[in-house]
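Participant:
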Amino acid sequence: MRSLILAIQFLTRLPTPQLKTFDPAWLADSARWFAPVGLLVGGVVAAGWLAGSLVDAWLAALLALVLWVWVTGGLHLDGLADLADALGAAHRDRNRFLAVLKDPHVGSFGVLALGLALLSKLVLLHGLALQPSANVAVLILVPAWARLGAVAWSACLPPLAPGSGERFAWRTHWPTFWAAVVGLAAASAWAAPVLLTAPLVLAGWGLYLYRRLGGMTGDCLGAGIEVSETILLLLALLGPRLAVILA
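The numbering of the sequence shown is my numbering, which starts it at 3 and goes up by one.
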């Protein structure tokens, strides 16, 4: 259970038993629990969304977004802001990119990325609440898919610098990873078929990192989680409309 506790502690603010000792190698092993922890995150978000839906669609979106930020501690939003600042200021200079990425201050590119990310999720969550056949399973599964993506990116892309991304790349438990893929795909096929596009979305972010940067860092993983979640919410919102058009 140690790796599960570490995964919950790393990815969420949810209370867990405290570990008396810590070895960085344990963090790599905890990645096998990223998808299940994503389901926990999704459950918290879905609970707020359902509660707010009893009153108003905007309240549903706001409660879901606030809980989404709270339960993750803004961890992945921080990665998105750092990556946006580094990409905006680097001008394709690798050394400057890494230097800006390490800077703890948030610049104008990071502020813009944070604002757009939060606004996008708020609008998409509102749109989902307005759908006659609103599917709460989407909100539970999306965070799980995105965190599974972080495992894949860390395993398949070379680390650009030491850090959490490099630690996760030390060891990937592939049987557990593929079991999570199969489990999430089965759940998506049953409850939210549009999310079967998730592997393509995750592969797209990995390809972007490889072609644009040549590898990944922990901030790249966090940014990928945010970007993937937003794209999957958009696909979930547009799914019924696209089905009608194609029909």
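All C-beta atoms, glycine included, are put in the ideal place defined by N, C-alpha and C.
Measuring CA to CA, which of G76, P17, F99 is closest to L215?
Facilitator: Nearest of G76, P17, F99 to L215, Cα basis: F99.
Participant: Are T232 and K104 closer than 8 Å when you measure CB to CB?
Facilitator: No.
Participant: Expressed to the nearest angstrom, what Euclidean distance is found between the alpha-carbon atoms of D42 and H93?
Facilitator: Before going further, note that residue 42 is Leu rather than Asp in the sequence given. For L42 and H93, the distance between alpha carbons rounds to 39 Å.
Participant: So the candidates are V57, T18, L29, T14; which of them puts its Cα closest to the Cα of G44?
Facilitator: Comparing Cα-Cα distances from G44 to each of V57, T18, L29, T14, the minimum goes to T14.
Participant: Where does P161 sit, in a helix, a strand or coil, going by DSSP?
Facilitator: Of the three classes helix, strand and coil, the one that applies to P161 here is strand, per DSSP.
Participant: Could you tell me the boundaries of the alpha helix (DSSP H) in which S5 lies?
Facilitator: S5 -> alpha helix (DSSP H) spans 4-13.
Participant: For T199, tell me which candidate among Y210, L186, S32, A136 has the shortest Cα-Cα distance.
Facilitator: Considering only alpha carbons, the answer is L186.
Participant: Thinking C-beta only, is A119 closer than 8 Å to L82?
Facilitator: A contact, by the Cβ cut-off of 8 Å.
Participant: Less than 7 Å between C-beta atoms, sequence neighbours within five positions excluded: which residues of the same chain meet that for A115?
Facilitator: Closer than 7 Å at the Cβ level, and outside the excluded window around A115, lie L82, A83, A86.
Participant: Roughly how many angstroms lie between the CA atoms of L150 and A182, to the nearest whole one?
Facilitator: Distance between the alpha carbons of L150 and A182: 8 Å.
Participant: For W51 versus A148, is the C-beta distance shorter than 8 Å?
Facilitator: No, the pair does not count as a contact, with Cβ atoms beyond the cut-off.
Participant: Round the Cβ separation of C2 and G117 to the nearest angstrom and send it over; I've been treating them as touching at under 8 Å.
Facilitator: The shown model of the chain, from 3 to 249, leaves out residue 2, and the question about it has no answer.
Participant: Below 8 Å CB to CB, which residues in the same chain sit around P19 once its five sequence neighbours on both sides are set aside?
Facilitator: Same-chain partners within the cutoff: I7.
Participant: Taking the alpha-carbon positions, what's the S190 to V125 distance?
Facilitator: The alpha-carbon atoms of S190 and V125 are separated by roughly 23 Å.
Participant: With distances taken from CA atoms, which of G224, L143, A49 is nearest A188?
Facilitator: With distances taken between Cα atoms, A188 lies closest to L143.
Participant: Distance check for G206 and L61, CA to CA, integer angstroms please.
Facilitator: Distance between the alpha carbons of L61 and G206 is about 32 Å.
Participant: Where does A249 fall in DSSP's three states?
Facilitator: Only weak support is given to the placement of A249: the predicted model assigns it a pLDDT of 46, under 50, and the question is left unresolved by the model.
Participant: Starting from the Cα of P161, find the closest Cα among W28, T178, L223, S110 and give me that residue.
Facilitator: Cα-wise, what sits closest to P161 is L223.
Participant: When you compare the CB positions of A33 and L127, do they come within less than 8 Å of one another, or not?
Facilitator: It is not a contact, given that the beta carbons lie outside the stated cut-off.
Participant: As a quick exercise: from M218, G217, T219, G226, pick the residue whose alpha carbon is nearest that of A204.
Facilitator: Reading off the sequence shown, one finds Leu at residue 204, where the question assumed Ala. Of the candidates M218, G217, T219, G226, the one whose C-alpha sits nearest the C-alpha of L204 is G226.
Participant: Keeping to the same chain, check which residues put their C-beta closer than 6 Å to that of A249; ignore five residues upstream and five downstream.
Facilitator: Low per-residue confidence applies at A249: pLDDT is 46, beneath 50, and the placement is therefore not dependable, though the value from the model is reported in the following sentence. Closer than 6 Å at the Cβ level, and outside the excluded window around A249, lies no residue.
Participant: Would you mind working out which of V140, L79, L121 sits nearest G112, comparing C-alpha positions?
Facilitator: Of the candidates V140, L79, L121, the one whose C-alpha sits nearest the C-alpha of G112 is L79.
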